[in-house]
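What follows is one structure encoded as structure tokens, with my remarks underneath.
Protein chains: 2
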Amino acid sequence: MMDRLRKHIPQIGRNRVPERPAPGEVACEDCGLDPMCSILDYADEQSNVPEGVLLRRRHVARGETIFLKDDPFRSVFAVKSGSFKTYIPKASGVDQVVGFHVIGELVGIEGLSGQRYPYTARALQDSSVCELRLESLSKSGREREELQQGIIKMLSAEVAFNHQLITALIHQSADQRLAGFLLSLTKRLHTRGMRQIEFQIGMSRSDIGSYLGLASETVSRVLTRFQKQGLIQLRHKRLQILDADGLSEVAEH
Amino acid sequence: MMDRLRKHIPQIGRNRVPERPAPGEVACEDCGLDPMCSILDYADEQSNVPEGVLLRRRHVARGETIFLKDDPFRSVFAVKSGSFKTYIPKASGVDQVVGFHVIGELVGIEGLSGQRYPYTARALQDSSVCELRLESLSKSGREREELQQGIIKMLSAEVAFNHQLITALIHQSADQRLAGFLLSLTKRLHTRGMRQIEFQIGMSRSDIGSYLGLASETVSRVLTRFQKQGLIQLRHKRLQILDADGLSEVAEH
DNA sequence: CGAGAGGTTGACCCGGATCAAAATCAGTGG
DNA sequence: CCACTGATTTTGATCCGGGTCAACCTCTCG
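As they're listed, the protein sequences go chains A and B. The first sequence begins at 72 in this note's numbering and counts up one residue at a time. The second sequence begins at 72 in this note's numbering and counts up one residue at a time.
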């Protein structure tokens with residue numbers, strides 16, 4: 072497989088992607104931006120898409136932001152390696168985490184509706200991203216239409232995901248939420264081609280709590296209990312799912 | 072103003088819309104489907120859009136459904152009059168309400184992602200809808216592109232709305248949720264051109280509870296307390312906001 | 001007018017928030 | 001490499017919002 076973005080960014084050719092992705096990095100065909108990349112790839116052959124629309128593999132250091140809440144919308148990002156949290160900064164101290172984005176997932180599509188990003192995106196660990204500059208796309212043509220098609224797919228997937236999240240948050244206990252959260256994380260990593268049993272969770276207990284609507288103390292308590300029950304292994308920030316079926320059991324009922 | 076849908080449905084011409092919308096019905100230019108209608112209108116002048124794409128003002132009796140969960144996706148609907156609830160039927164008895172749709176709002180866009188509707192839509196009162204048959208649209212062309220643009224706008228607005236809903240549900244008390252819910256309802260009705268102070272809420276206490284993640288008893292208690300505090304007037308299913316500022320106060324803090 | 005669904009009100013109880021303190025971790029500079 | 005420091009995590013104790021159960025009331029509609 073070849074990196075579909077390479078040709079669009081001749082100036083960083085020295086970073087060209089090997090046949091296999093670097094360890095810890097998502098392969099292009101497992102990446103959420105791939106449908107778009109394919110289209111642009113095709114488009115490029117027709118010389119209809121300007122260079123520089125896609126910027127590949129920008130490195131983002133842990134703690135760095137790729138955009139702030141209310142920044143004017145420019146691009147959608149795909150997480151190539153590492154992970155991000157998106158959150159709404161609150162004057163009252165504690166930020167509201169609205170999402171976690173792992174390898175292969177997209178950040179920032181929500182900025183499409185208004186002109187601005189509705190949240191800040193910050194790297195939870197040293198990461199890298201691909202950037203799709205939607206603003207500089209050609210204004211019409213077949214490839215644009217296909218891109219729109221792709222965006223619609225992504226957006227409606229997002230809507231479906233949020234619906235599930237809402238019903239989960241409303242009716243589930245702390246145990247259920249956390250079990251579901253862990254399963255969702257591993258499942259998402261798995262569909263992106265990450266097959267390791269053990270992986271880094273970059274987020275803090277309070278991040279998870281904010282996201283799931285729980286106090287950080289509760290997150291801590293439940294996680295240690297899960298560990299005692301032999302469902303997970305948790306050392307420092309390394310998490311390992313020991314008994315996925317057991318977790319499903321907890322999440323279901 | 073003229074009804075933009077009329078010309079597409081000559082066979083129901085006897086139902087033609089008067090200059091002013093019927094009482095209790097949203098005006099076309101206040102309707103969520105209007106951006107799409109305008110485009111199709113324009114397209115029609117160029118004779119590019121097939122007849123029968125838009126079906127105007129189908130009547131839906133109270134309790135009737137316009138589609139069921141897992142039905143194959145065909146159309147997006149706009150509520151012309153009345154209101155709908157969307158919900159996921161649960162084998163365990165109590166359905167999960169995922170949304171309320173009042174005059175001028177859209178129902179069913181979420182079906183775009185998969186091939187199927189992710190929920191059932193049922194009329195809370197005697198209502199009428201416009202139907203946009205997305206499946207039978209022409210496969211390419213300028214008007215299709217503009218339609219996609221419109222869909223993207225609607226979807227990302229939906230995403231933004233859900234984000235807000237999520238953070239609300241997570242961090243807010245029963246009082247806050249209900250105050251916010253009432254304000255949101257009136258605000259939405261207002262932007263659709265409904266300026267009456269008093270209006271019908273077709274939904275039951277348990278519907279509201281399901282939607283907001285509260286027991287129906289709690290909904291009842293809080294609403295009667297709001298009434299005692301002079302914030303609202305509530306007789307049977309007629310609701311009147313007496314003190315919007317007071318409600319905002321409750322919702323904020 | 002009667003029956004059944006939906007709404008109100010009261011009593012009780014539990015999950016998880018909150019407050020507090022100890023323990024552990026992650027940087028930082030010497 | 002280690003000690004120091006602030007941040008994060010863990011653990012314990014207490015408290016309260018809202019869920020649950022139950023009885024009663026009130027509409028709605030056949």
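Here a beta-carbon is modelled for each residue, glycine too, at the ideal position from N, C-alpha and C.
In summary, the residues of the region 220-240 of chain A whose CB is separated from some CB of chain B by less than 8 Å are Gln220, Ile222, Ile223, Lys224, Leu226, Ser227, Ala228, Glu229, Val230, Ala231, Asn233, His234, Leu236, Ile237, Thr238 and Leu240, in the order they occur in the chain.
The Cβ of Glu288/B sits no closer than 8 Å to any Cβ of chain A. Taken through DSSP and simplified to helix, strand or coil, Ile272/A comes out as coil. In this structure Cys201/B touches Arg127/B by the C-beta definition: roughly 5 Å separates them, less than 8 Å. A Cβ-Cβ distance of about 12 Å is found for the pair Leu177/A and Val230/B, leaving them out of contact under the 8 Å criterion. Less than 8 Å separates the beta-carbon of Arg248/A from that of Leu240/A.
Nearest Cα to Arg129/A within the set Asp141/A, Val150/A and Arg145/A: Val150/A. Annotation: the continuous beta strand (DSSP E) that includes Lys151/A extends over Ser146 to Ser152. Using a Cβ-Cβ cut-off of 8 Å, Pro189/B is close to Ala231 and His234 of chain A, given in chain order.
Between the C-alpha atoms of Val131/B and Gly179/B there is a straight-line separation of about 15 Å. A Cβ of chain A is located within less than 8 Å of the beta carbon of Gln167/B. Residues of chain B whose Cβ lies closer than 8 Å to the Cβ of His242/A are, in chain order, Gln167 and Gly284.
Out of Gly251/B, Arg259/B, Glu269/B and Asp316/B, the CA that lies nearest to the CA of Val293/B is found in Gly251/B. Along the region 242-267 of chain A, the alpha helix (DSSP H) occurs as fully enclosed runs of 4 or more residues at 245-262, listed in sequence order. In the structure shown, His307/A falls within a coil segment according to DSSP collapsed to helix, strand and coil. Secondary-structure assignment with DSSP links Leu183/A through no beta bridge to anything. For Gly103/B, the CB contacts under 6 Å within the same chain, skipping 5 residues up- and downstream, are Ala149, Gly175, Glu176 and Leu177 in chain order. Beta-bridge annotation (DSSP): Ala192/B is paired with Phe138/B and Thr157/B. The way I'd put it, the region 134-154 of chain A does touch the region 187-203 of chain A; three or more beta-carbon pairs between them come closer than 8 Å. In the three-state reduction of the DSSP assignment, Arg128/B falls in the strand class, which pools E and B. Contact of Leu183/A with chain B by beta-carbon distance below 9 Å involves Ile223, Lys224, Leu226, Ser227 and Val230.
The CB of Glu320/B never comes closer than 8 Å to any CB in chain A; the least such distance is about 17 Å. In this structure, DSSP gives Ile237/B a helical state, which the three-state scheme calls helix.
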